[in-house]
Structure formats: C-alpha cells, structure tokens
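J.: Handing you a structure now.
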Amino acid sequence: MTDILCIGSVLWDVIGRSPLVMRQGSDVPGRITRLPGGVAMNIAMALVRFGLRPSVLTSVGRDAEGDELIAACERLGVDTALAYRSDDLPTDRYMAVEGANGLIAAIADAHSLELAGAKILAPLYDGRLGSPDTPYKGQIALDGNLTQALLEQIALSPAFARAELRVAPASPGKAERLTPFLRHPRAVLYVNLEEAGLLCQREFATAADAAQGMMTRGAARVLVTDGGNPAAEGSAAGVVSATPPQVLVTRITGAGDTFMAAHIAAERMGQTGETALRSALTAAARYVSGEAPA
1 MTDILCIGSV LWDVIGRSPL VMRQGSDVPG RITRLPGGVA MNIAMALVRF GLRPSVLTSV
61 GRDAEGDELI AACERLGVDT ALAYRSDDLP TDRYMAVEGA NGLIAAIADA HSLELAGAKI
121 LAPLYDGRLG SPDTPYKGQI ALDGNLTQAL LEQIALSPAF ARAELRVAPA SPGKAERLTP
181 FLRHPRAVLY VNLEEAGLLC QREFATAADA AQGMMTRGAA RVLVTDGGNP AAEGSAAGVV
241 SATPPQVLVT RITGAGDTFM AAHIAAERMG QTGETALRSA LTAAARYVSG EAPA
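The sequence shown lines up with residues 1 to 294 when you count with UniProt numbering.
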C-alpha cells in the first residue's frame, strides 16, 4: 500500500533556532525543538503533506527514544512497519543551531544507520517488497547518509534493477558518496550548487552551469538548487531554470528534502519540466518561511 519507499536516516532532530544573527560563540535566546527528522524521514513527512503514502527503510533502536520515534512517525502518516529495529544500536540523532543568518552548525549522529548497513534493505531481498529475481518496481527516495559501500551495492544490485531512484546527499560532506549514481541510468539526483561541484570536482557559478556539468559527466537527470538564486533541472531534453519566490527565511533544516518531495509529488500529478520545478521551489519557499508545517 506504499506509494514510495524512503531509504535512509530516520532520527530525532534537535534544532535550536534564534531570530538573531549568530556567530561562533554566540549565546542568545531562542527555541529548541525535538521533532522526527533525518533526510529519509523529512522526505517522507513532506510526501504525506502532498497526499502520498511513504514507507521508510531505516534503523531505529529498541530504546525508549526509538519507541517514541516510531510512534511519532506513525502519527505523522509514515509507515515504519518494515524498519529495522536494532537491539544493540541506539536511535540516531541530529543537532543543529540556526540563526537569522542561516545554519550556524550541525552534527549528525547517524552511526547506528551506518552500522546496521544492509540489514535495513532486507525487505527488498526477502520477498516482502521484492527480491533479486523479482525486483521492486516503484519509486525509491534514497538518502546519502548510507555508507559508500551500501550505496554502491544499491547502484549495482539486481534487487534495484527496476526501481526509479531519487537520490539526495545528506550534506555537502557526504555528497561524494553519490558518485555511483552519477552515471546511473535510472537515478534522478537532487543536489545543491556546492554538492554538484563536489561531485564534478569543480566549481560552478550557477545552478544551470552545474546541471549542465553533471549531465556532461553522465548524469541521466539532475536538479540543482542554490538557495534563493535560480535552480535548474538537467535532462535529455536540456536544461531549464526557475527562480524561487522571495520569502523571509525562518528555518533551514529540511528545506532541500521538502524541495525533493514536492518535485516528486508534482511529477506524480502530471507536471513536467519547468512547471514541476517551479512547484517544488514554491513548496520549499513556503517551508523555509514557516508557512508550511515542519
């Protein structure tokens, strides 16, 4: 009964936000929240808001934080029935500090996901969702928090041979993990300008340049964002660009995941090219402005 699988990190996001400009060493008033997060979970939650039914393949501990997280996911409409529950690995966490001038610092403690490794993929091999002989045929949103070895396995495994892969790095620091998908014929890559540069080992001035550069390197299809500057999509039809709406930014964490989910939803509703790109940029702008729910 799932519309799309989201594979990757599902954890607790602990986010401190202040309306003030911050710098290293700042000690300012603000708000601290704890919400379900992680790239895979952020994408899944956004997909629910667009009327889709996502399931997550991830690792969640059998600790108190894990039980609370599973219950919160289910309340939000995200199916966790196939998530791997570890007896000896704790539930992962992410901590970030955001000011009026953007993201100040963040730490992702996703070690349990990395240590669980291929165990989270069992439903795609044991027949519950598919197997190497009868591969899963649907869409998969793939999160770059997985290890390099596991991402390489997914890129080459016959269990994924018929899936459409929508792939996003977890952060610029993990962008190069997506190298196995740079020339993958069924992968759609969602990156920002910095991540595109890291994957291509060069700097780009604009998202359109980056999209063209990634296509030249062999990407089947790519979407590149650049904050409030024009974003671009590169495909066999060429490169198209669109400018995000101007909004007051009140939060950063999860914006790229919302963009990806909105773009997937727009295409499932029949939108294509620049129209789908504009829909996704509008949804991401509403999110960072605080208008759309977290």
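Idealized CB from N, CA, C, for every residue including glycine.
Asp257 to Ala46, Cα distance in whole Å?
T.: Asp257 and Ala46: Cα-Cα distance of roughly 8 Å.
J.: Return helix, strand or coil for Val39, following the three-state DSSP convention.
T.: If DSSP states are grouped into helix, strand and coil, Val39 belongs with the helices.
J.: Express the C-alpha separation of Asp226 and residue 298 in angstroms, rounding to a whole number.
T.: Nothing can be reported for residue 298, as the shown portion of the chain is limited to 1 through 294.
J.: If you run the structure through DSSP and keep just helix, strand and coil, what is Arg17?
T.: Note: Arg17 maps to strand in three-state DSSP.
J.: Buried or exposed: where does Ile32 fall if 16 or more other Cβ atoms within 10 Å of its Cβ makes it buried?
T.: Ile32 should be labelled exposed.
J.: Compute the Euclidean distance between the alpha carbons of Val288 and Asp133, then round it to the nearest angstrom.
T.: Cα to Cα, the separation comes out at about 43 Å.
J.: Checking 7 Å against the spacing of the C-beta atoms, do Thr189 and Ala219 come in under that value?
T.: Reading off the sequence shown, one finds Leu at residue 189, where the question assumed Thr. Yes.
J.: Can you tell me whether Leu156 is buried or exposed, with buried defined as 16 or more other CB within 10 angstroms of its CB?
T.: With fewer than 16 other Cβ atoms within 10 Å, it is exposed.
J.: Suppose the cutoff is 8 Å on Cβ atoms and the five residues either side in sequence are ignored; what does the same chain contact list for Arg75 look like?
T.: Once the five neighbours on either side are set aside, Arg75 has no close Cβ partner at all.
J.: What are the start and end residues of the alpha helix (DSSP H) that includes Ser241?
T.: Premise fails: Ser241 lies in the beta strand (DSSP E), Gly238 to Ala242, not in any alpha helix (DSSP H).
J.: Round the Cβ separation of Asp143 and Ala40 to the nearest angstrom and send it over; I've been treating them as touching at under 8 Å.
T.: Indeed, because the Cβ distance is near 4 Å, the residues count as touching under 8 Å.
J.: Taking all protein chains shown into account, decide if Met269 is buried (16 or more other Cβ within 10 angstroms of its Cβ) or exposed.
T.: By the 10 Å Cβ count, Met269 comes out exposed.
J.: By the DSSP assignment, the beta strand (DSSP E) with Gln139 in it spans what residues?
T.: Run containing Gln139: Gln139 to Asp143, per the beta strand (DSSP E) assignment.
J.: Please classify Asn229 as buried or exposed, where buried requires at least 16 other C-beta atoms within 10 Å of its C-beta.
T.: With fewer than 16 Cβ atoms within 10 Å of its Cβ, Asn229 is classed as exposed.
J.: Does the stretch 237-252 come into contact with the stretch 73-91, if we say contact requires no fewer than three beta-carbon pairs (one atom in each stretch) closer than 8 Å?
T.: In short, these stretches do not touch, since the Cβ pair count stays below three.
J.: CA-CA distance, Gly30 and Arg177?
T.: Near 34 Å, if we compare the C-alpha coordinates of Arg177 and Gly30.
J.: Alpha carbon to alpha carbon, how far is Ile252 from Arg49? Give it in angstroms, no decimals.
T.: About 18 Å.
J.: Determine the contact status of Ala207 and Gly234, defining contact as a CB-CB distance below 7 Å.
T.: Cβ distance not < 7 Å, so Ala207 and Gly234 don't count as in contact.
J.: State the CB to CB distance for the pair Ser55 and Leu5, rounded to an integer number of angstroms; the pair is presumed to be in contact (CB under 8 Å).
T.: With 8 Å as the limit, Ser55 and Leu5 qualify as a contact, their Cβ atoms being about 6 Å apart.
J.: Using the DSSP secondary-structure output, state which residues sit across from Pro54 in a beta bridge.
T.: According to DSSP, Pro54 bridges with Ile4.
J.: In whole angstroms, give me the CA-to-CA distance for residue 297 and Ser9.
T.: No answer is possible for residue 297: the residues shown for the chain start at 1 and end at 294.
J.: State the DSSP-derived secondary structure class of Leu146, mapped to helix, strand or coil.
T.: Looking at Leu146 - three-state DSSP - the assignment turns out to be coil, as it is neither helix nor strand.
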